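Below: the structure, in structure tokens.
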Amino acid sequence: MSGTGVPPISIEGSADWLSLSRMINNERIQFSKARTAGNSVKVSTNTPADYRQLVALLDSMKRPFFTYQLKEDKMDQRVVRGLPREMSTEDIKEDLVNQGV
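For the record, in the sequence shown the residue sitting at position 90 is 73 according to this note's numbering, with numbers rising by one throughout.
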């Protein structure tokens, strides 16, 4: 991850980076760094908004890419152990909500 906490996006097909770069600039998506890595280009965006916009653009183009989720978009998961089996899921949910968890 870059210093901004935004994960890089690895876009396949470095041969046509120039045309893709123009398209990214036309959409006013800011990126701080782009470097080739084999047959792909690793792009680091400046903000989470730019990250989401670039991912949406690549999806709409059906362009192959790889990235990780933003931390703020990840669901918080917890494991609660030692609960009685006869306790219903709804009771557990209600109690956790009451505790602010």
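Even for Gly, the Cβ is constructed at its ideal location relative to N, Cα and C. A quick note: this is a predicted structure, and the numbers were derived from the prediction, not measured.
What is the DSSP secondary structure of Val80, counted as helix, strand or coil?
As a first step, residue 80 must be located in the sequence shown, where it is residue number 97. Here Val80 sits in helix by DSSP.
Grab the span of the beta strand (DSSP E) containing Ala17 for me, first residue to last.
Start at 1 with the first residue of the sequence shown, and residue 17 comes out as number 34. Its beta strand (DSSP E) spans residues 14 to 20.
Please classify Thr28: is it buried, with 16 or more other beta-carbons within 10 angstroms of its beta-carbon, or exposed?
Within the sequence shown, the letter at position 45 stands for residue 28. So Thr28 ends up on the buried side.
So who's on the other strand from Glu73, going by DSSP bridges?
In the sequence shown, the residue the question calls residue 73 occupies position 90. BP columns for Glu73 are empty, so no partner.
To the nearest angstrom, report how far apart Gln36 and Met58 are at their CA atoms.
Working through the sequence shown from its first residue, we reach residue 36 at position 53. Working through the sequence shown from its first residue, we reach residue 58 at position 75. Approximately 20 Å, taken between the alpha carbons.
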